[in-house]
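Just so we're aligned, residue 1 is where the sequence shown starts under full-length UniProt numbering, counting upward by one. Ideal placement from N, C-alpha and C gives every residue a C-beta, glycine not left out. The structure presented is a predicted model; accordingly, all values stated were derived computationally and were not measured. For reference, the structure discussed in these notes is given below.
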Amino acid sequence: MLILKCPASNGQAPLNDVHIINLSLVSDVQVKREVNTVPEAPQSLDLCRLNSRVRNQIDEKRRLVTALSASVPPEGQKLFFAISKTIKEVSWQGSNIVVFNSVMITPPYKLDNVRALADTKALLHIKKVVEKHMKEQAASEAAMSVAGAQTSPQ
Numbered sequence: 001m002l003i004l005k006c007p008a009s010n011g012q013a014p015l016n017d018v019h020i021i022n023l024s025l026v027s028d029v030q031v032k033r034e035v036n037t038v039p040e041a042p043q044s045l046d047l048c049r050l051n052s053r054v055r056n057q058i059d060e061k062r063r064l065v066t067a068l069s070a071s072v073p074p075e076g077q078k079l080f081f082a083i084s085k086t087i088k089e090v091s092w093q094g095s096n097i098v099v100f101n102s103v104m105i106t107p108p109y110k111l112d113n114v115r116a117l118a119d120t121k122a123l124l125h126i127k128k129v130v131e132k133h134m135k136e137q138a139a140s141e142a143a144m145s146v147a148g149a150q151t152s153p154q
């Protein structure tokens, strides 16, 4: 790996652009200008914090892979991913999506299928998330159908 620290492209003096280059993909390197100052000592890394971030990311990816391997329709998987972007406490219980262990979304994963398992304020929040997801899906499908109509031969 080659790491290049350059002055910020936006011109802000205290900032830098950092470029990381995989040298196994490089066939030739040319030095355009040598540095004439002594480089700064690298900042120390908090290895415990980095290891914690790695573990958390691995756990998150495993959770998402589990969501993909659940035998549920694509609509359910899309809703699961939409919820999990903002709420980490979401899981599968069979084909049902459970959020905060207090709200359950059953197939066909529509707004009417969102139910509270206990008296909770989370129900309103989850309903808003589901409603937003459904609007985004409808807009996406409408945009795709318009694009498909424009490219179809006449």
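- Close CB contacts of valine 72 within its chain, under the 6 Å cut and outside five residues either way in sequence, are with Ser95 (chain order).
- In this structure, the CA atom of glutamine 57 is about 10 Å from the CA atom of arginine 63.
- Beta-bridge pairing by DSSP links methionine 134 to no other residue.
- In this structure, the straight-line span from the alpha carbon of serine 91 to that of asparagine 51 is close to 25 Å.
- In the structure shown, lysine 128 adopts helical secondary structure according to DSSP, grouped into three states.
- With fewer than 16 other Cβ atoms from the protein chains shown falling within 10 Å of its own Cβ, leucine 15 counts as exposed.
- DSSP places alanine 116 within a strand segment (E or B) once states are collapsed to three.
- In summary, leucine 2 is exposed, with fewer than 16 beta-carbon neighbours lying within 10 Å of its beta-carbon over all protein chains present.
- Just so you know, the alpha carbons of serine 24 and cysteine 6 end up roughly 22 Å apart.
- With contacts defined by Cβ atoms closer than 8 Å, leucine 79 and histidine 125 do not form a contacting pair.
- Per DSSP, aspartate 59 has no beta-bridge partner at all.
- Judged by DSSP secondary structure, leucine 2 falls within the beta strand (DSSP E) whose first and last residues are 2-7.
- The three-state secondary structure of asparagine 10, taken from DSSP, is coil.
- Between alanine 143 and glutamine 137, the alpha-carbon positions lie close to 10 Å from each other.
- Between leucine 111 and valine 130, the C-beta gap is smaller than 8 Å, which places the two residues in contact.
- Per DSSP, the beta bridge partners of serine 91 are Val98.
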